[in-house]
Each structure stands twice: as C-alpha cells, then as structure tokens.
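S.K.: Going by our numbering, the sequence shown opens with residue 1, and the numbers climb by one from there. Where a beta carbon is used, it is the ideal one built from N, C-alpha and C, also for glycine.
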Amino acid sequence: MRHEILIVGMGGFGREVAEYLHALEQHWVIRWVDDRNPDADFNMQTAPFDSERPTIVAIGNPELRHFMMDAAVKRGAQLPCFSFDGAIVRSRPTPNSGVIVCPHSIITAGVKLRRGVQINLNCVVGHDVELGEFATLSPSVDIMGGAKLGYQVFVGAGATILPNVYVGDHAVIGAGAVVVRDVPDYATVVGNPAKAIKR
Ligand SMILES: CC(C)(COP(=O)(O)OP(=O)(O)OC[C@H]1O[C@@H](n2cnc3c(N)ncnc32)[C@H](O)[C@@H]1OP(=O)(O)O)[C@@H](O)C(=O)NCCC(=O)NCCS
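1. Quick check on the DSSP output: what are the complete beta strand (DSSP E) runs of length 3 or more inside the segment 103 to 167, in order along the chain?
2. Beta carbon of Ser140: closer than 6 Å to some heavy atom of ligand 1?
3. Quick check on DSSP: helix, strand or coil for Arg53?
4. Ignore the nearest five residues each way along the sequence and tell me which others in Asp166's own chain have a CB closer than 7 Å to its CB.
5. Got a sec, what are the start and stop residues for the alpha helix (DSSP H) Leu29 sits in?
6. If I follow the unbroken alpha helix (DSSP H) through Ala196, where does it start and stop?
7. Using the Cβ count rule (16 or more neighbours within 10 Å means buried), how would you classify Ala109?
8. Is the beta carbon of Val89 less than 7 Å from the beta carbon of Val57?
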C-alpha cells in the first residue's frame, strides 16, 4: 500500500531525503511543498498538512527549519522522526519531534535529540551528547561524548567537537573545524583549533 508524505523544501537536502525515502520498505508517494519552487505540488498555504500524511521539513538552515516546522504544525502537520539506510540510532528522540538521521550516521547511548534536530550523512554522536532544538549536523561530523550543543547550532561538514565542550545557541562551526573549547552564543568558529571569526 502506498501512502503520501509531504517534504517541505525542494532544495538539495530535500531531494536527498526523497531518495532515502524511496529506499525504505514503506512505499511513499512524495508530495513537495515549497513556496519558491514552481515545480512543487503545494506551497505552505495550500499543502494538505494532516494526520494522514506525515511531513518532513528538509531544510538545512536551523532558523528557517524552525520557522517552517512551526508553520506546518500550526496547520496540522505530523512530524514523525525518521532514520534512513544504515543509520544506527541507540537513543530515542521525542516522538513526533521531526528529528532526521541520515544514512550511516551513528547515534550512541544517552544522546538527547531535541525537536527538529537534523543529522546528515555519516556523523558520529558520542554518549550523553545533547543536541539542542533545531541543531544541524552536516555530513561527517564527529561529536564526542558529553558535548552539548545549544539551540539552532549549525555544524559544518567534517567538523569535530571534543568531549564535554559546550557550543552556545545560534553558533556556527565551520567545515573541518576542530572545536576544543566552549563556543559562545552566536559565534562562528573555524580551523584547528577552532577560533572565532568576525562577521
Ligand atoms: C564558517 C563559514 C560559515 C563562514 O562563512 P562566512 O561567514 O561567509 O565567512 P567567509 O567565507 O567570509 O570567511 C571568513 C574567513 O574565514 C575563513 N574560513 C571560512 N570558512 C572556513 C573554514 N571552514 N575553515 C577555515 N577557515 C575558514 C576564510 O578563509 C576567511 O578568512 P580570511 O578572513 O583570512 O580571508 C563557512 O565558511 C563554512 O565553513 N560553512 C560550512 C559549510 C558546510 O559545511 N555546509 C554543509 C553542506 S551539507
């Protein structure tokens, strides 16, 4: 039996998620929701958000994802959590909190996966890590045991965050950075060891 699913965001990440969905046993009929792409089936006003059709908000930018998730929920969207092909998830996100774990990522024990967390391909999240609401992990990120990420943190591809480090709300971690000490709210850090850049 085929069921409809709504994907909000027809960008690169949304199209990747569509491919992961095709690989699942359940056969989904994908309906696209995007305010800017004329090829989408719906925009946010016309989309049939309801309990029959699950919704995935597939947007990498934490702030925009939060905004779109709230807008979709207000209109009745259900946002189940998904993990795809070969992901190993040993910690439970809150049901219906829209958490996405992409192929080959590993979430170990005692990890807090808060609402709207998005984990791209091939990440490793160590024991007791806390991922704040709407945190985004880009591909191949390594977050070591006990680290804590705040609200709407964006972690660039290939970055490493050392054990027990705290990354403040809205911080941006550059691609390839090695974060060895705490990062303040709103800071952008790059390099090894990661240092703040002025914006
Ligand atoms: C950190 C980042 C957000 C900074 O973007 P920005 O604010 O536009 O900054 P700029 O590109 O103007 O760079 C500012 C300085 O930081 C340096 N820099 C930027 N990103 C860097 C990185 N990842 N590592 C090391 N240095 C970096 C630049 O060379 C520049 O140095 P300079 O002032 O000496 O010339 C961005 O470069 C980045 O790494 N984004 C992550 C992308 C990613 O992983 N996306 C995932 C897709 S799935």
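M.R.: In brief:
1. none
2. For the purposes of this step, residue 140 is taken as residue 140 along the sequence shown, with counting starting at 1. Ser140: no, Cβ never under 6 Å from ligand 1.
3. Numbered from 1 along the sequence shown, position 53 holds the residue referred to as residue 53. If DSSP states are grouped into helix, strand and coil, Arg53 belongs with coil.
4. As a working mapping, residue 166 is identified with position 166 in the sequence shown. First, the amino acid is wrong: residue 166 is Tyr here, not Asp. For Tyr166, where only same-chain residues beyond five positions count, the Cβ hits under 7 Å are Lys148 and Asp182.
5. By 1-based counting over the sequence shown, the position of residue 29 is 29. In the sequence under discussion, the amino acid at residue 29 is Val, which differs from the Leu named in the question. Premise fails: Val29 lies in the beta strand (DSSP E), His27 to Val33, not in any alpha helix (DSSP H).
6. One-based indexing of the sequence shown puts residue 196 at position 196. Taken as a continuous stretch (DSSP letters only), Ala196 belongs to no alpha helix (DSSP H), being part of the beta strand (DSSP E) at Lys195 to Ile197.
7. The count along the sequence shown starts at 1 and reaches residue 109 at position 109. With fewer than 16 other Cβ atoms within 10 Å, it is exposed.
8. For the purposes of this step, residue 89 is taken as residue 89 along the sequence shown, with counting starting at 1. For the purposes of this step, residue 57 is taken as residue 57 along the sequence shown, with counting starting at 1. Taking 7 Å as the Cβ cut-off, Val89 and Val57 do not qualify as a contacting pair.
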